[in-house]
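These protein sequence lines map, in sequence, to chains A and B.
Mapped onto our numbering, the consecutive letters of the first sequence carry residue numbers 23 to 136.
Mapped onto our numbering, the consecutive letters of the second sequence carry residue numbers 314 to 606.
Scroll down for the structure; my scribbles are underneath it.
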Amino acid sequence: MDVWDVLGKRTVTDEWTLVGGVKAPDVEMALLLARETHFRHKEGVAYAVRRRGEAADALVPGTWPAETLGGVTDRSYRRQEAYAGVGAKLKRVAAQLAERGLRIDRPRPPGSGS
Amino acid sequence: MTTDADAARLELLLALADDELILGHRHSEWTGWVPHLEEDLAFSSIAQDEMAHARLLYGLVLPMLGEGWTEDRVALGREPHEYRNAVLCERLNRDWGYSLARQFLYDTADDVRTESLTGSSWRELADVMTLVRMEEAYHLEHAREWFGRLAGGPVAAREHLAAGLELALPDAIGLFEPLPSEGAVLEDEVLPKSSEAMLAEWLPRVGEELERVSLDYVLERHTPVGDLVPTSSGAIEGDEVLGVPGIVRRDGRWEHQGGFSGAGGRRGHHSEDFLGLWEDLTGLYRAHPGATW
């Protein structure tokens, strides 16, 4: 299957920038998959594909408008916020346990440094 | 607004939202297993969209239920018979051919009903539908692109698609099972078109697409009896089985013939496939009621 370069623009005035690649049998599927894999999180306002190895002018822009590119409904659940501050939490809990003579992590394997 | 009108609106919302939630869940089971990495991401995105659409609709449900109800409780805190999704949405994924055949039939149906509902007299519902359709356009394009490619061969791909379409078709007609109190939402134009009118719009459209790729024999094989798979007890009770209309070709168009009998998802009757899904979907919620994170 052909490899297609995926290009995007973050703002309308940007030049096309290479953002990745997809495998697809033809240009229609390449555009569909490029949009679904690289522009679903509001990464840009325009997208395009070019069969890898072809000349710069072989670029085929996608037709979905910037307003709906990346979806229109609430995507906040995709942000993994539950891990924010997890390092500090671990230190705090480890300190509390240490006061009681306990530890929560196993000894580090030999040779792994500190 | 009378209580009856409220109940009818609630039935409509739950049918729409539960379809999206349950099919979204089934789609999400493909994550990590789709035969093609890029498509794995694409299909997972569609699953997330469907769940986001369910959330928008549950947002309209909450004020009707009152104190004590949350989004999680509506989505995850109901008993199996309280879900109003069509049986099509809960069916096991089987293979990629079936899953795409189902997506094609479902999203074509969803296109018909969401378009109609943008004209709903209930402004909030019409607004949600306008928003939802912006994303459903992606789903429809995805379904049509895959439909065309699988139908175009190789032979094995075409056969998987055809077998999937044949299996999914009676359940897909079940998407148009009339709501128990449909008359009330039709009367005040909350539901601009009856389920039957939408079926009459969907079927010729599907028929045209199938004819284009010479797979319309799938429609000829459709028998007007619905799901006759016996339950684990071996019993088939007349009232519990949804009988769906037949299909005929008349004046160059595929049309339905006859009506529905019995009861399906819109009345809370589900297939055996639903129980496993319900346990997966709601297990965590039921184990820790009211937990937040």
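Quick reminder that beta carbons are idealized off the backbone N, C-alpha and C, glycines included.
Small disclaimer: the values here were computed from a predicted structure and weren't measured.
Exercise. Within the 9 Å Cβ cut-off, does E58 (chain A) reach chain B?
Worked result: In the first sequence, residue 58 (chain A) corresponds to position 36, counting from 1. By this cut-off, E58 (chain A) is an interface position.
Problem set entry | Spatial neighbours of E514 (chain B) in its chain, beta-carbon cut-off 7 Å, leaving aside the 5 residues before and after | Here residue 514 (chain B) refers to the residue found at position 201 of the second sequence. If we look at E514 (chain B) and ignore the five residues flanking it on each side, its Cβ neighbours are V425.
Problem set entry | Min CB distance R73 (chain A) to chain B below 9 Å | Here residue 73 (chain A) refers to the residue found at position 51 of the first sequence. It does not; no Cβ of chain B falls within 9 Å.
For this session: For my contact list, H583 (chain B) and Y396 (chain B) are in at a C-beta cut-off of 8 Å; report their separation, rounded to the angstrom.
Result: Position 270 of the second sequence holds residue 583 (chain B). Position 83 of the second sequence holds residue 396 (chain B). Contact holds; Cβ gap of about 7 Å.
Exercise. Start and end of the alpha helix (DSSP H) containing V115 (chain A)?
Worked result: Within the first sequence, the letter at position 93 stands for residue 115 (chain A). Start and end: 108–121.
For this session: Find the residues of chain A that neighbour A355 (chain B), judging by a C-beta separation of less than 8 Å, and give them in chain order.
Result: Counted from its first residue, the second sequence places residue 355 (chain B) at position 42. What A355 (chain B) touches in chain A: L54, L55, E58, T59.
Problem set entry | Min CB distance L119 (chain A) to chain B below 9 Å | Locating residue 119 (chain A) in the first sequence gives position 97, counting from the first residue. Closer than 9 Å: no.
Exercise. Which value, in whole angstroms, describes the spacing of the CA atoms of V44 (chain A) and A56 (chain A)?
Worked result: Taking the first residue of the first sequence as 1, we reach residue 44 (chain A) at position 22. Taking the first residue of the first sequence as 1, we reach residue 56 (chain A) at position 34. Taking the straight line joining both Cα atoms gives about 6 Å.
Exercise. Looking at the structure shown, is Q102 (chain A) part of a helix, part of a strand, or coil, going by DSSP?
Worked result: The residue you call residue 102 (chain A) lines up with position 80 of the first sequence. Reduced to three states, the DSSP call for Q102 (chain A) is coil.
Exercise. So, A481 (chain B) versus L401 (chain B), is the Cβ gap smaller than 9 Å?
Worked result: In the second sequence, residue 481 (chain B) corresponds to position 168, counting from 1. In the second sequence, residue 401 (chain B) corresponds to position 88, counting from 1. Yes; because the gap between Cβ atoms is below 9 Å, this pair is in contact.
Problem set entry | Contact under 9 Å by Cβ, R62 (chain A) with G84 (chain A) | By one-based count along the first sequence, residue 62 (chain A) stands at place 40. By one-based count along the first sequence, residue 84 (chain A) stands at place 62. No, they are not a contact pair.
Exercise. Taking just the CA atoms, how far does E89 (chain A) sit from S433 (chain B)?
Worked result: Position 120 of the second sequence, counting from 1, holds the residue named residue 433 (chain B). Position 67 of the first sequence, counting from 1, holds the residue named residue 89 (chain A). Approximately 24 Å, taken between the alpha carbons.
Exercise. Can a CB atom of chain A be found closer than 9 Å to the CB of P543 (chain B)?
Worked result: Within the second sequence, the letter at position 230 stands for residue 543 (chain B). Summary for P543 (chain B): the model assigns pLDDT 48, below 50, so the residue's position carries little reliability, and this model does not support an answer.
For this session: Could you check how far apart the C-beta atoms of A68 (chain A) and G30 (chain A) are, in whole angstroms? I think they sit under 8 Å.
Result: On the first sequence, position 46 is the one that residue 68 (chain A) refers to. On the first sequence, position 8 is the one that residue 30 (chain A) refers to. 7 Å between Cβ atoms; contact.
For this session: Work out the CA separation of L590 (chain B) and L463 (chain B) for me, nearest whole Å.
Result: Looking up residue 463 (chain B) in the second sequence gives position 150. Looking up residue 590 (chain B) in the second sequence gives position 277. Approximately 28 Å between the Cα atoms of the pair.
For this session: Output the boundary residues of the alpha helix (DSSP H) element that contains G465 (chain B).
Result: Within the second sequence, the letter at position 152 stands for residue 465 (chain B). Neither: G465 (chain B) is in no alpha helix (DSSP H) and is coded neither H nor E.
Problem set entry | Length of the line joining the Cα atoms of V94 (chain A) and L444 (chain B) | In the first sequence, the residue the question calls residue 94 (chain A) occupies position 72. In the second sequence, the residue the question calls residue 444 (chain B) occupies position 131. Going by the C-alpha atoms only, they are around 7 Å apart.
Exercise. Going along the chain, which residues of the region 374–387 of chain B sit with their C-beta nearer than 9 Å to a C-beta in chain A?
Worked result: none
Problem set entry | Proximal residues of chain B, C-beta to C-beta of D96 (chain A) below 9 Å | Residue 96 (chain A) sits at position 74 when you count from the first residue of the first sequence. Near D96 (chain A) (Cβ distances below 9 Å), the residues of chain B are A365, R368, L369.
For this session: Using alpha carbons as the reference points, say which of B:S494, B:H394, B:E490, B:R562 lies closest to R534 (chain B).
Result: Counting from one through the second sequence, the residue named residue 534 (chain B) turns up at place 221. If we check each option's Cα against that of R534 (chain B), B:R562 comes out closest.
For this session: Assuming L375 (chain B) contacts E384 (chain B) (C-beta within less than 8 Å), just tell me the rounded distance between them.
Result: Residue 375 (chain B) sits at position 62 when you count from the first residue of the second sequence. Residue 384 (chain B) sits at position 71 when you count from the first residue of the second sequence. That belief holds up - the Cβ atoms of L375 (chain B) and E384 (chain B) are roughly 7 Å apart, short of 8 Å.
For this session: Please determine if the region 496–515 of chain B and the region 525–533 of chain B are in contact, where contact requires at least 3 C-beta pairs separated by less than 8 Å.
Result: no
Problem set entry | 6 Å CB neighbourhood of A318 (chain B) in its chain, flanking five on each side removed | Residue numbering aside, residue 318 (chain B) sits at position 5 when the second sequence is read from its first letter. Closer than 6 Å at the Cβ level, and outside the excluded window around A318 (chain B), lie A497.
Exercise. Identify the residues that DSSP records as bridge partners of L29 (chain A): which are they?
Worked result: The residue given as residue 29 (chain A) occupies position 7 in the first sequence. The partner list for L29 (chain A) (beta bridge, DSSP) reads A:L40, A:A70.
Exercise. Among B:A320, B:R471, B:A485, B:A439, which one has its Cα closest to the Cα of M377 (chain B)?
Worked result: Here the question's residue 377 (chain B) lines up with position 64 in the second sequence. Closest by alpha carbon: B:A320.
Exercise. Taking Cβ positions only, does A46 (chain A) come closer than 9 Å to chain B?
Worked result: As a working mapping, residue 46 (chain A) is identified with position 24 in the first sequence. Cβ-Cβ to chain B under 9 Å: yes for A46 (chain A).
Problem set entry | Buried or exposed by the 16-neighbour rule on C-beta atoms within 10 Å, applied to V25 (chain A) | As a working note, residue 25 (chain A) is residue 3 in the first sequence. Burial call: exposed.
For this session: Would you kindly work out how many angstroms separate the C-alpha atoms of D36 (chain A) and G66 (chain A), rounded to a whole number?
Result: Against the first sequence, residue 36 (chain A) aligns to sequence position 14. Against the first sequence, residue 66 (chain A) aligns to sequence position 44. C-alpha separation (whole angstroms): 10 Å.
Exercise. Is I126 (chain A) helix, strand or coil by DSSP?
Worked result: Here residue 126 (chain A) refers to the residue found at position 104 of the first sequence. Looking at I126 (chain A) - three-state DSSP - the assignment turns out to be coil, as it is neither helix nor strand.
Exercise. With 16 as the cutoff for other CB atoms within 10 Å, does M23 (chain A) come out buried or exposed?
Worked result: By 1-based counting over the first sequence, the position of residue 23 (chain A) is 1. By the 10 Å Cβ count, M23 (chain A) comes out exposed.
Exercise. Per DSSP, which one or two residues make a beta bridge with R562 (chain B)?
Worked result: For this step, residue 562 (chain B) is matched to residue 249 along the second sequence. DSSP, once it has assigned bridges, lists B:W567 as partnering R562 (chain B).
Exercise. Of all Cβ atoms in chain A, is any one closer than 9 Å to the Cβ of G539 (chain B)?
Worked result: As a first step, residue 539 (chain B) must be located in the second sequence, where it is residue number 226. Reliability fails at G539 (chain B), whose pLDDT of 47 lies under 50, so the model's placement of it is uncertain and the value that follows must be treated cautiously. No, its Cβ sits nowhere closer than 9 Å to a Cβ of chain A.
Exercise. Taking the alpha helix (DSSP H) that E533 (chain B) falls in, what are its first and last residues?
Worked result: Position 220 of the second sequence, counted from the first residue, corresponds to residue 533 (chain B). Its alpha helix (DSSP H) spans residues 530–533.
Exercise. Of the choices A:V28, A:I126, A:E103, whose alpha-carbon is the least far from that of E70 (chain A)?
Worked result: Counted from its first residue, the first sequence places residue 70 (chain A) at position 48. The identity of residue 70 (chain A) in the sequence shown is Ala, whereas the question assumes Glu. Measuring from the Cα of A70 (chain A), the nearest candidate turns out to be A:V28.
Exercise. Does the beta-carbon of Y105 (chain A) have 16 or more other beta-carbons within 10 angstroms, so that it is buried, or is it exposed?
Worked result: For the purposes of this step, residue 105 (chain A) is identified with residue 83 of the first sequence, where counting begins at 1. Answer is exposed; the Cβ neighbour count stays below 16.
Problem set entry | I486 (chain B) and L516 (chain B) closer than 9 Å at C-beta | The residue you call residue 486 (chain B) lines up with position 173 of the second sequence. The residue you call residue 516 (chain B) lines up with position 203 of the second sequence. Taking 9 Å as the Cβ cut-off, I486 (chain B) and L516 (chain B) qualify as a contacting pair.
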